[in-house]
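Right, one structure below, let's go through it.
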């Protein structure tokens, strides 16, 4: 989706129709303050771009190539126990990092934010593995945004041993297993 500013104030919807797993949404060409991806079910999500939303159904992958200050990923409570991998894509120094999950979407590639990245996994016995992000942010300078992970309720496993920068981890209530990275971590 090019020229994201033309989204109607009430939002819009996109339904993927291919039966071969190739439906893809691309958000390109723009700078925004905040983008939130609300992941609700398998191949179903809502993207909020500065209070203008896009509801996706039947979409197997997303490329969010918008330059943003704040980027948030939130898993709905209905997704239950989420297994989430968050880190770099396969190409170095291209501004792109990747979120994958067994519960909601095949692949969500995104340009690294400038100021902050937040992952909220919601309720459920979640397993999160965090590895280093791409070295560049959306502006093409060194990635150093504040990173925060909130595991929500129940028993979570959050593994950030391979992550090289500082981050904040909150396991929420429950019996959680939290491993920080190499930076100055808070939790």
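Residue numbers (my numbering): 4 to 190.
For each residue, glycine too, the CB sits at the ideal point set by N, CA and C.
- Across the set 33, 138 and 128, the C-alpha of 33 shows the shortest separation from the C-alpha of residue 68.
- In this structure, the CA atom of residue 61 is about 35 Å from the CA atom of residue 184.
- Residue 70 holds the alpha-carbon nearest to the alpha-carbon of residue 35 among 63, 173 and 70.
- The straight-line gap separating the alpha-carbon atoms of residue 64 and residue 15 is approximately 18 Å.
- If you ignore the 5 residues before and after residue 156, its C-beta comes within less than 7 Å of the C-beta of 126, 175, 176 and 177, all in its own chain and listed in chain order.
- When DSSP states are grouped into helix, strand and coil, residue 154 belongs to the coil group.
- Counting other Cβ atoms within 10 Å of its Cβ, residue 52 reaches 16 or more and is therefore classed as buried.
- Put simply, the backbone Cα of residue 41 is about 10 Å away from that of residue 57.
- Shown here for residue 24: same chain residues with a beta carbon closer than 8 Å to its own, the five before and five after excluded, namely 63 and 109 in chain order.
- Secondary structure remark: continuous beta strand (DSSP E) runs of at least 3 residues inside the stretch 62-127, in chain order: 64-78, 86-91, 99-104, 110-114 and 119-123.
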